[in-house]
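Visitor:
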Amino acid sequence: MPMRIGTTTFNDRIEKGINDEFMRDSVRSAQERLLGKRLDAAEELGSWEDWRNLGEEIRSHTLEYLDYYLYELSEKVKENGGHVYFAKTAEEANHYIQKVVKRKNGKKIIKSKSMVTEEISMNEALESIGCDVIESDLGEYILQVDDHDPPSHIVVPALHKNKSQIRDVFKEKLGYLNTDKPEELTLFAREKLRKEFLSADIGITGCNFAVAESGTITLVTNEGNARLATTLPKTQITVMGMERIVPTWEELDVMISLLSRSAVGQKLTTYVTALSGPKSPLEGDGPEEFHLVIVDNGRSNIIGTEFQEALHCIRCAACINVCPVYRHVGGHGYGSIYPGPIGAVISPLLGGYEEYGELPFASTLCAACTDACPVKIPLHELLNKHRKNIIEGRGLSAEKIAMRGFQYGTTLPILYQVGTKLAPFLSLPFQTNSFLTKGPGPLKAWTTIRDMPAPNNERFRDWFKKRQKEESFE
Amino acid sequence: MNVSLFVTCLGDIFYPNVGKSVVEVLESLGCEVDFPFSQTCCGQPAFNSGYREEAKEAARNMIRAFENSSYVVGPSGSCVAMFSEYEELFHNEPEMQHKARSLKERSYEFTQFLVDVLGVNNVGASLNATATYHKSCHMTRLLGVKDAPEALLSEVEGLNYRKLPNCENCCGFGGTFSVKMVAISKEMVDEKIKDIESTDADILIGADSGCLMNISGRMNRLQKPVKVMHIAEVLTQREEK
Ligand code: SF4
Numbered sequence: 001m002p003m004r005i006g007t008t009t010f011n012d013r014i015e016k017g018i019n020d021e022f023m024r025d026s027v028r029s030a031q032e033r034l035l036g037k038r039l040d041a042a043e044e045l046g047s048w049e050d051w052r053n054l055g056e057e058i059r060s061h062t063l064e065y066l067d068y069y070l071y072e073l074s075e076k077v078k079e080n081g082g083h084v085y086f087a088k089t090a091e092e093a094n095h096y097i098q099k100v101v102k103r104k105n106g107k108k109i110i111k112s113k114s115m116v117t118e119e120i121s122m123n124e125a126l127e128s129i130g131c132d133v134i135e136s137d138l139g140e141y142i143l144q145v146d147d148h149d150p151p152s153h154i155v156v157p158a159l160h161k162n163k164s165q166i167r168d169v170f171k172e173k174l175g176y177l178n179t180d181k182p183e184e185l186t187l188f189a190r191e192k193l194r195k196e197f198l199s200a201d202i203g204i205t206g207c208n209f210a211v212a213e214s215g216t217i218t219l220v221t222n223e224g225n226a227r228l229a230t231t232l233p234k235t236q237i238t239v240m241g242m243e244r245i246v247p248t249w250e251e252l253d254v255m256i257s258l259l260s261r262s263a264v265g266q267k268l269t270t271y272v273t274a275l276s277g278p279k280s281p282l283e284g285d286g287p288e289e290f291h292l293v294i295v296d297n298g299r300s301n302i303i304g305t306e307f308q309e310a311l312h313c314i315r316c317a318a319c320i321n322v323c324p325v326y327r328h329v330g331g332h333g334y335g336s337i338y339p340g341p342i343g344a345v346i347s348p349l350l351g352g353y354e355e356y357g358e359l360p361f362a363s364t365l366c367a368a369c370t371d372a373c374p375v376k377i378p379l380h381e382l383l384n385k386h387r388k389n390i391i392e393g394r395g396l397s398a399e400k401i402a403m404r405g406f407q408y409g410t411t412l413p414i415l416y417q418v419g420t421k422l423a424p425f426l427s428l429p430f431q432t433n434s435f436l437t438k439g440p441g442p443l444k445a446w447t448t449i450r451d452m453p454a455p456n457n458e459r460f461r462d463w464f465k466k467r468q469k470e471e472s473f474e
Numbered sequence: 001m002n003v004s005l006f007v008t009c010l011g012d013i014f015y016p017n018v019g020k021s022v023v024e025v026l027e028s029l030g031c032e033v034d035f036p037f038s039q040t041c042c043g044q045p046a047f048n049s050g051y052r053e054e055a056k057e058a059a060r061n062m063i064r065a066f067e068n069s070s071y072v073v074g075p076s077g078s079c080v081a082m083f084s085e086y087e088e089l090f091h092n093e094p095e096m097q098h099k100a101r102s103l104k105e106r107s108y109e110f111t112q113f114l115v116d117v118l119g120v121n122n123v124g125a126s127l128n129a130t131a132t133y134h135k136s137c138h139m140t141r142l143l144g145v146k147d148a149p150e151a152l153l154s155e156v157e158g159l160n161y162r163k164l165p166n167c168e169n170c171c172g173f174g175g176t177f178s179v180k181m182v183a184i185s186k187e188m189v190d191e192k193i194k195d196i197e198s199t200d201a202d203i204l205i206g207a208d209s210g211c212l213m214n215i216s217g218r219m220n221r222l223q224k225p226v227k228v229m230h231i232a233e234v235l236t237q238r239e240e241k
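So the sequences go chain by chain: A and B.
Count the first sequence with the UniProt record's numbering and you get residues 1 to 474, in order.
Count the second sequence with the UniProt record's numbering and you get residues 1 to 241, in order.
(1) Mind checking who residue 131 of chain B pairs with in its DSSP beta bridge?
(2) Just to make sure I have the definition right: I need the residues of chain B whose C-beta is within less than 8 Å of the C-beta of residue 458 of chain A. Which are they?
(3) Do you know how far the Cα of residue 34 of chain A is from the Cα of residue 209 of chain A?
(4) Over what stretch of residues does the alpha helix (DSSP H) that includes residue 556 of chain A continue unbroken?
(5) For residue 236 of chain A, which of helix, strand or coil comes out of DSSP?
(6) Whose Cβ in chain A lies nearer than 7 Å to the Cβ of residue 179 of chain B?
(7) Determine, using beta carbons only, whether residue 154 of chain A and residue 122 of chain A come nearer to each other than 8 Å.
(8) Where does the unbroken beta strand (DSSP E) through residue 133 of chain A begin, and where does it stop?
(9) Distance, Cα to Cα, residue 117 of chain B vs residue 125 of chain B?
(10) Would you kindly work out how many angstroms separate the C-alpha atoms of residue 109 of chain B and residue 122 of chain B, rounded to a whole number?
(11) Do residue 308 of chain A and residue 302 of chain A come within 8 Å of each other at the CB atom, strictly closer than that value?
(12) Is any heavy atom in ligand 1 found nearer than 7 Å to the beta carbon of residue 14 of chain A?
(13) Compare the C-beta of residue 170 of chain B against all C-beta atoms of chain A and say whether one is closer than 8 Å.
(14) DSSP three-state label for residue 107 of chain B, please.
(15) Looking at chain A, is there any beta carbon in it that lies within less than 8 Å of the beta carbon of residue 214 of chain B?
(16) Is residue 375 of chain A near ligand 1, judged by its Cβ being under 7 Å from some heavy atom?
(17) Under a Cβ-count criterion, where at least 16 other Cβ atoms within 10 Å of its own Cβ denotes burial, should residue 91 of chain B be classed as buried or exposed?
(18) What's the gap between the Cα of residue 262 of chain A and the Cα of residue 148 of chain A?
(19) Quick check: does the Cβ of residue 323 of chain A come within less than 7 Å of any heavy atom belonging to ligand 1?
(20) What residues in the stretch 133-149 of chain B have a beta carbon less than 7 Å from any beta carbon of chain A?
(21) Does ligand 1 have even one heavy atom less than 7 Å from the beta-carbon of residue 125 of chain A?
(22) Going by the DSSP bridge assignment, what does residue 2 of chain B pair with across the sheet?
(23) Determine the chain B residues that contact residue 463 of chain A at a beta-carbon separation under 7 Å, and present them in chain order.
(24) Would you check if there are 3 or more beta carbon pairs closer than 8 Å linking the stretch 265-278 of chain A to the stretch 219-226 of chain A?
(25) Identify the continuous beta strand (DSSP E) that holds residue 108 of chain A and give its terminal residues.
(26) Check the Cβ of residue 158 of chain B against every Cβ in chain A and list those closer than 8 Å, keeping chain order.
(27) Would you report the Cα separation of residue 463 of chain A and residue 158 of chain B, rounded to the nearest angstrom?
(28) What does residue 18 of chain A reach in chain B if we use C-beta pairs closer than 9 Å?
(29) May I ask whether a heavy atom of ligand 1 can be found less than 7 Å away from the beta carbon of residue 260 of chain A?
(30) If I follow the unbroken alpha helix (DSSP H) through residue 224 of chain B, where does it start and stop?
(31) When DSSP labels each residue in this structure, what does residue 198 of chain B get in the three-state scheme?
(32) Is residue 379 of chain A near ligand 1 - that is, is its Cβ less than 7 Å away from at least one heavy atom of it?
(33) Run down chain C in chain order and give the residues with a C-beta less than 7 Å from the C-beta of residue 367 of chain A.
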């Protein structure tokens with residue numbers, strides 16, 4: 001399963017995350033920093049809600065007419081001299097990319113950051129045919145050097161590591177001798193990477209947005225690595241999820257502003273790279289050959305369902321940066337390359353309930369994610385829809401029986417009355433003072449970490465009834 | 001003004017004092033309070049665990065219970081917000097859907113009702129204590145009640161109010177989440193307690209019994225001295241200076 005991280009169970013991953021103090025410190029401080037910057041950037045723009053509405057409108061329009069825009073995009077790319085390949089599955093995408101690489105006799109591949117290539121496990125596919133694949137995004141590079149530690153965040157993949165851990169990785173694997181100052185670490189990586197850029201045969205990138213009207217792919221980075229990866233090698237392959245599209249440059253403008261502000265709290269990232277196919281005879285640099293691989297891999301099954309809005313995602317990670325569950329368990333806890341709220345929504349859609357069925361339940365539905373999302377995806381509602389589907393797909397369970405009891409208890413007021421009246425007696429054996437400290441069923445889980453108030457002998461309704469009677473006697 | 005109290009199941013069984021306080025405050029402001037006895041639970045525990053059919057039947061009962069009420073007021077933002085889900089639950093029963101919408105339009109969370117409908121910020125309460133306030137997620141984000149509780153608390157005489165740091169953070173309750181994902185829930189509530197302690201408050205005030213049950217349950221286990229009160233209880237306090 002390509003999207004999957006690790007093989008351990010959900011509970012083991014959660015426990016590991018919670019006990020990893022270093023990781024949790026890194027995540028906590030990153031969340032704080034990113035949240036502050038995002039709020040400032042939204043404030044600076046003004047009318048943030050209007051911008052979000054616009055973002056939502058653009059995304060839902062594009063998804064509504066996705067077939068049209070995909071057709072327009074591919075026609076334009078071809079007009080510009082590029083090649084387009086629609087891959088229904090991860091295997092098809094990898095197969096096509098391998099074919100291009102082999103035909104070009106490519107040995108060394110330089111990559112800029114791309115989640116969809118993680119999703120389809122493209123690196124592994126290329127390594128299996130003997131290629132050397134080098135990540136040029138600093139975070140991805142660190143993880144790659146660290147024996148392919150998986151990413152824990154979709155924008156800041158090495159978020160779970162602090163600077164001294166990074167120094168140790170460089171020291172151990174690459175013989176780095178300096179301090180853990182970010183400037184020194186970056187300079188070191190830069191020197192290493194520059195050599196790779198210059199000697200790579202093929203550049204592979206992701207795509208933040210493809211502009212349908214001109215057949216342009218755009219990439220936002222702060223490191224400029226996407227620019228090097230797309231100008232130095234002779235062949236460029238861009239891999240994009242089929243929903244990463246905007247109709248025109250006008251919408252691109254809005255989406256990039258929302259993305260930069262929501263992802264890193266910047267008005268604009270340091271680099272916004274826009275590329276329309278291979279270099280023309282009049283251009284000095286750029287690739288001679290350009291391939292656009294458009295990946296479906298389960299996305300078209302989502303269109304037209306109650307989850308369509310999940311495809312509006314622009315991968316800014318704002319939802320992840322405010323998520324309290326993510327803060328405590330870290331990205332690896334989700335077991336998917338897509339963590340956090342959006343990960344808990346799309347991992348089950350792309351990878352199935354069998355594999356990712358716990359994720360929708362790992363949320364309090366606090367809706368901090370929904371509030372943060374720049375394109376207004378109702379993430380907590382989608383999580384709840386997953387819960388519904390999972391429960392409806394399951395056979396009879398103890399929980400289901402209990403919920404049926406709940407149904408009768410709440411719909412037949414008389415049953416509710418008797419049931420709640422009995423509660424204080426049933427809970428007597430577990431009581432110390434006015435709190436319950438242990439008990440059966442869900443109470444057992446509750447009382448592993450907290451006490452529970454004991455049910456009152458006089459319920460509110462008893463009091464109210466008594467009061468009514470007294471009043472009527474007065 | 002006639003008001004029907006939606007006491008919530010937690011309020012009925014575990015926190016009757018909250019309901020009594022709501023009655024007291026509303027009556028002191030001239031409202032006539034009734035209590036439709038056929039009300040049970042709003043169905044949220046089932047709804048948020050994926051059991052929509054079960055939630056729907058609870059919803060049907062609640063719609064009936066409050067059919068004749070002109071205002072429905074509940075001391076829990078989360079439960080009142082649940083009424084907004086009813087319309088969707090009855091998507092293939094137009095008549096019920098219509099009734100669901102009507103219920104939603106007539107329903108208010110307690111502090112929202114005081115501030116937005118009655119136009120009252122000062123209910124004449126006084127309490128000599130240092131307190132902080134936990135914003136519940138559903139009340140703030142789903143129901144959109146953001147300022148009413150603090151507006152009311154700022155008028156409580158003698159109350160030394162301290163803003164809770166990271167007040168947007170969830171306390172880790174989340175209904176069945178609190179028992180299904182105990183390990184994560186624990187980390188969340190402990191983080192909340194740390195923030196509460198950093199304010200040096202004697203009292204933690206909240207407006208949602210679910211969150212309060214979670215936070216107080218954990219504080220009780222850890223033997224923290226902070227007292228937990230529902231805002232309705234605070235608003236009935238009349239302390240001498
Ligand atoms: S769901 Fe929304 S907030 Fe989360 S990554 Fe996608 S666009 Fe950003």
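No residue lacks a Cβ here, since even glycine has one placed at the ideal position from N, Cα and C.
Guide: Quick look at the numbers:
(1) B:161, B:203
(2) 16
(3) 22 Å
(4) Residue 556 of chain A lies beyond the stretch modelled for chain A, which goes from 1 to 474, so this question has no answer here.
(5) strand
(6) 442, 445, 446
(7) no
(8) 132-135
(9) 19 Å
(10) 17 Å
(11) yes
(12) no
(13) yes
(14) strand
(15) yes
(16) yes
(17) exposed
(18) 28 Å
(19) no
(20) 137, 141, 142
(21) no
(22) B:32
(23) 16, 20
(24) yes
(25) 108-111
(26) Those do not exist, as residue 158 of chain B stays about 27 Å from chain A at its closest Cβ, beyond 8 Å.
(27) 31 Å
(28) 183, 184, 186, 187
(29) no
(30) Neither: residue 224 of chain B is in no alpha helix (DSSP H) and is coded neither H nor E.
(31) helix
(32) yes
(33) This model lacks chain C altogether, as its protein chains are A and B.
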